[in-house]
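Colleague: Below is the structure I would like to discuss, written out as structure tokens.
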Amino acid sequence: MAATSTEQPAPAPALRGPAARPGSRLLHRWVWLRLSLLLSGPLAWMLLVYVVALAALLITSLWSVDSLSSQIDHAWTLDNFRTLLENEVYRKVAFRTVAVALTVTVVDVAIALPIAFYMAKVASPRARRMLVVAVLTPLWASYLVKVFAWRVVLSEGGLADWTHLGSPGYGLTAVILTQSYIWLPYVILPIFAALERVPDSLLEAAGDLGAPTGMVLRSIVLPLLVPGIVAGAIFSFSLTMGDYITVNIVGGANQMLGNLIFINAGAANNLPLAAAIAMIPIVVMLVLLTAIRRTGALENL
Amino acid sequence: MTLSPHARKLLAVLTFGVLALIYLPLLVVVANSVNPSQAMTWPPDGVTFEWWRRAAHSSGAREALVTSLQVAAIATLLALLLGTLLALALQRYSFFGKNSVNLLVILPIALPGVVTGIALNNGFRGILGVDLSLWTIVVAHATFCIVTVFNNVQARLRRMGTSLEEASADLGAGVLTTFRLVTLPQLRSALLAGGMLAFALSFDEIIVTTFTAGNGATTLPIWILNNMFRPNQAPVVNVVAVVLIVFSILPVWLAQRLSSDVEAVR
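Which chain is which? The protein sequence lines are A and B, in order.
Taking this note's numbering, I'd label the letters of the first sequence as residues 92 to 392.
Taking this note's numbering, I'd label the letters of the second sequence as residues 399 to 664.
Put into structure tokens, the structure is as follows:
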């Protein structure tokens with residue numbers, strides 16, 4: 092990775108006084124030296140800790156576990172992936188996981204759009220500040236506290252039962268409800284931030300030129316919101332797809348990919364299979380990330 | 399564009415309705431912390447402070463809290479250092495592979511936590527052969543916290559421009575002096591905001607933690623998870639939850655103060 096250009100014009104002015112020390116002069120002259128001093132630490136960390144771990148995970152998924160000694164057999168095999176493809180359970184769970192993650196994302200975006208719009212464009216500046224705080228506070232409240240709260244609300248004899256609306260009980264509905272609840276602030280915030288950047292004058296101009304409200308929203312506001320929506324959607328989708336704790340707490344017997352990974356890595360002592368299952372969310376997310384890279388939404392994460 | 403009064407009212411009702419629904423489950427938890435019924439049924443049977451007393455004496459919760467604070471503090475420091483360096487490199491220079499570096503920083507938070515968790519678990523035990531401990535949690539947390547610091551600092555650098563730094567260099571200050579006296583003070587509130595987010599992210603994280611904690615260390619979320627399903631511990635967990643809800647107001651208040659400071663400066 093070599094420095095090819097810099098934003099600052101190259102010829103450095105003659106240095107005077109305390110700056111004329113050799114170290115500082117070197118740094119000032121050689122952009123690549125400055126850049127590599129800045130980059131080497133964090134890059135080494137990310138590569139050594141994360142990229143190596145991901146690569147090792149891929150390799151582990153190509154190993155197997157000896158059924159007698161329950162030690163890892165380091166011979167290459169595609170058996171784990173064959174199991175994933177052929178065993179109906181994995182297909183079902185993978186499908187369920189993606190479906191739940193999609194549902195949660197759609198629900199959250201649908202709720203977040205009008206709320207973010209009200210916060211950014213309708214509410215008075217004073218009310219806006221209060222609303223931001225009101226939306227932010229539950230975001231900072233602990234994830235487990237929120238899942239726990241839903242377990243209490245949905246429990247037998249809990250609040251949901253008491254209202255006579257009835258509790259859906261612990262199951263997929265409860266998972267979708269809880270997940271949508273937990274990730275909602277993460278979806279509202281990027282959309283709100285994107286809306287705040289849309290100047291009011293733009294909307295007024297469109298209105299003055301005779302565009303009906305629906306048209307302004309559809310052809311002016313919505314396109315400007317796409318990066319914000321995508322950023323929020325990535326959050327809710329990815330967070331839901333990898334979550335197995337909510338499923339444990341309010342999900343009943345409906346497992347998701349995260350549960351299978353956790354069980355195989357731990358109790359079932361089949362790390363290679365767990366690694367192979369983990370490739371499913373990795374592939375889904377990588378496809379998603381490459382697909383939306385052009386929208387510029389990644390810079391808003 | 400003019401919204402009809404009707405549409406405005408509809409939006410307001412929707413917004414405040416959803417907000418009320420957001421706070422309802424949290425209020426139920428608060429109410430249950432003084433509910434004498436161990437089963438936490440609704441409506442509460444009365445008022446008792448027995449659970450609060452028990453929680454105050456729970457050594458497990460206290461030790462877990464200390465562990466969580468330690469992990470979050472060290473992970474935040476590491477993230478502040480690495481995230482700032484990265485933001486400076488990516489915002490001020492262009493180089494080959496810049497986009498890949500950008501993606502690499504986002505990856506630990508864009509990939510589901512369970513993937514990050516199992517990858518690091520496998521990396522620590524399988525490749526490095528180290529036992530899971532407080533330090534493996536710290537490394538894991540720092541890795542996904544870098545991005546919050548990075549984002550905050552990068553956004554600030556983008557708005558800041560380079561004119562003050564150039565002026566400083568023209569007046570004869572060295573690279574490090576300029577950084578210390580010109581760049582760093584301008585980054586202060588961005589560092590504070592990014593650091594706070596990183597701290598909260600680490601303090602709250604459970605999925606990656608379950609994979610990287612082993613028996614070596616118990617953070618507060620792990621303690622909560624372990625005790626949630628124990629019938630006689632559940633009310634204590636409930637009290638801890640209330641304490642966490644109350645403390646979650648603090649960073650929001652701080653963040654608001656910070657952002658109003660920024661507006662005042664502008």
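Each residue gets a CB set at the ideal place from its N, CA and C atoms; glycine is no exception.
Since the structure is predicted, the reported quantities are computational estimates derived from the model, not experimental observations.
Using a 10 Å radius around the Cβ and a threshold of 16 neighbouring Cβ atoms, would you call G572 of chain B buried or exposed?
Modeller: Label assigned to G572 of chain B: buried.
Colleague: Quick test of your reading: W136 of chain A and L480 of chain B, contact by CB under 8 Å. State the CB separation rounded to the nearest angstrom.
Modeller: That belief holds up - the Cβ atoms of W136 of chain A and L480 of chain B are roughly 6 Å apart, short of 8 Å.
Colleague: Check the Cβ-Cβ distances between T541 of chain B and every residue of chain A, and say whether any is below 8 Å.
Modeller: With 8 Å as the cut-off, T541 of chain B counts as an interface residue toward chain A.
Colleague: Going by other Cβ atoms of all chains shown within 10 Å of its Cβ, with 16 needed for buried, is R343 of chain B buried or exposed?
Modeller: What is shown of chain B runs 399 to 664, which leaves residue 343 of chain B out entirely.
Colleague: Using a Cβ cut-off of 8 Å, pull out every chain B residue sitting near F239 of chain A, in sequence order please.
Modeller: In chain order: V427, I622, M626, V635, N636, A639.
Colleague: Hey, how far is the Cα of I383 of chain A from the Cα of V321 of chain A?
Modeller: Whole-angstrom Cα-Cα distance: 8 Å.
Colleague: Going by DSSP in three states, A662 of chain B sits in which element: helix, strand or coil?
Modeller: Note on A662 of chain B: pLDDT 39, under 50, position unreliable in the model; the coordinate value appears next. Helix, per DSSP.
Colleague: Applying the 10 Å Cβ sphere with the 16-neighbour rule, what's the burial state of G527 of chain B?
Modeller: That one is exposed.
Colleague: Please state the DSSP three-state secondary structure of I163 of chain A.
Modeller: Residue state, collapsed to three classes: strand.
Colleague: Can you tell me the Cα-Cα spacing of I643 of chain B and V513 of chain B, whole angstroms?
Modeller: Approximately 28 Å, taken between the alpha carbons.
Colleague: Please list, in chain order, all residues of the same chain as G249 of chain A whose beta carbon is under 7 Å from its beta carbon, the five residues on each side excluded.
Modeller: Around G249 of chain A: V243, S258.
Colleague: Any contact of the segment 456-467 of chain B with the segment 602-622 of chain B, i.e. 3+ C-beta pairs under 8 Å?
Modeller: Touching, yes.
Colleague: Beta-carbon separation of V464 of chain B and V536 of chain B under 8 Å?
Modeller: Taking 8 Å as the Cβ cut-off, V464 of chain B and V536 of chain B do not qualify as a contacting pair.
Colleague: Give me the chain A residues within the contact set of T439 of chain B, using Cβ-Cβ distance strictly less than 7 Å, ordered along the chain.
Modeller: G248, G249, listed in chain order.
Colleague: Have a look at R173 of chain A and S561 of chain B and give me their C-alpha separation to the nearest angstrom.
Modeller: Rounded to whole angstroms, R173 of chain A to S561 of chain B spans 59 Å at the Cα level.
Colleague: Do you know whose CA, among B:T576, B:G511, B:P506, B:A553, lies nearest I544 of chain B's CA?
Modeller: If we check each option's Cα against that of I544 of chain B, B:P506 comes out closest.
Colleague: Would DSSP call T97 of chain A helix, strand or coil?
Modeller: Because the pLDDT at T97 of chain A is just 45, under 50, the model does not fix this residue reliably, and the point stays unresolved.
Colleague: Could you compute how far the alpha carbon of R220 of chain A sits from the alpha carbon of V200 of chain A?
Modeller: Approximately 21 Å, taken between the alpha carbons.
Colleague: Hey, quick one: how far does the beta strand (DSSP E) through S492 of chain B stretch, first residue to last?
Modeller: Segment 491-493, the beta strand (DSSP E) holding S492 of chain B.
Colleague: Would you list the one or two residues that DSSP bridges to S155 of chain A?
Modeller: In the DSSP output, where bridge partners are listed per residue, S155 of chain A has A:D164.
Colleague: Using three-state DSSP, classify Q631 of chain B as helix, strand or coil.
Modeller: Q631 of chain B falls in the coil class under three-state DSSP.
Colleague: Note down, in chain order, every chain A residue with its Cβ under 7 Å from the Cβ of G614 of chain B.
Modeller: Residues of chain A passing the Cβ test: none, with the nearest at roughly 15 Å.
Colleague: Would N433 of chain B be called buried (16 or more neighbouring beta carbons within 10 Å of its own) or exposed?
Modeller: Buried, because 16 or more other Cβ atoms sit within 10 Å of the Cβ of N433 of chain B.
Colleague: For the alpha helix (DSSP H) containing R452 of chain B, name the first residue and the last one.
Modeller: From DSSP, the alpha helix (DSSP H) with R452 of chain B extends over 448-454.
Colleague: Using a C-beta cutoff of 8 Å, does V547 of chain B count as contacting chain A?
Modeller: No, its Cβ sits nowhere closer than 8 Å to a Cβ of chain A.
Colleague: Going along chain B in order, which residues have a C-beta closer than 7 Å to the C-beta of I282 of chain A?
Modeller: Those do not exist, as I282 of chain A stays about 13 Å from chain B at its closest Cβ, beyond 7 Å.
Colleague: Might you give, ordered along the chain, the residues of its own chain that have their beta carbon closer than 6 Å to the beta carbon of A203 of chain A, omitting 5 neighbours on each side?
Modeller: Around A203 of chain A: V278, I279, I282.
Colleague: Go ahead and label W253 of chain A buried or exposed: buried means 16 or more other beta carbons lie within 10 angstroms of its beta carbon, across all protein chains shown.
Modeller: It counts as exposed.
Colleague: For E661 of chain B, would you say it is in contact with chain A, using Cβ-to-Cβ distances shorter than 8 Å as the test?
Modeller: Note that E661 of chain B scores 42 on pLDDT, short of 50, meaning its location in the model is unreliable; the coordinates nonetheless yield the value given after this. E661 of chain B does not count as touching chain A.
Colleague: Under 8 Å, Cβ to Cβ, is there at least one residue of chain B near A365 of chain A?
Modeller: Taking Cβ atoms only, chain B reaches closer than 8 Å to A365 of chain A, which makes this a yes.
Colleague: T465 of chain B touches chain A at which residues, Cβ-Cβ below 9 Å?
Modeller: The premise fails here: T465 of chain B is roughly 15 Å from chain A at the closest Cβ pair, so nothing lies under 9 Å.
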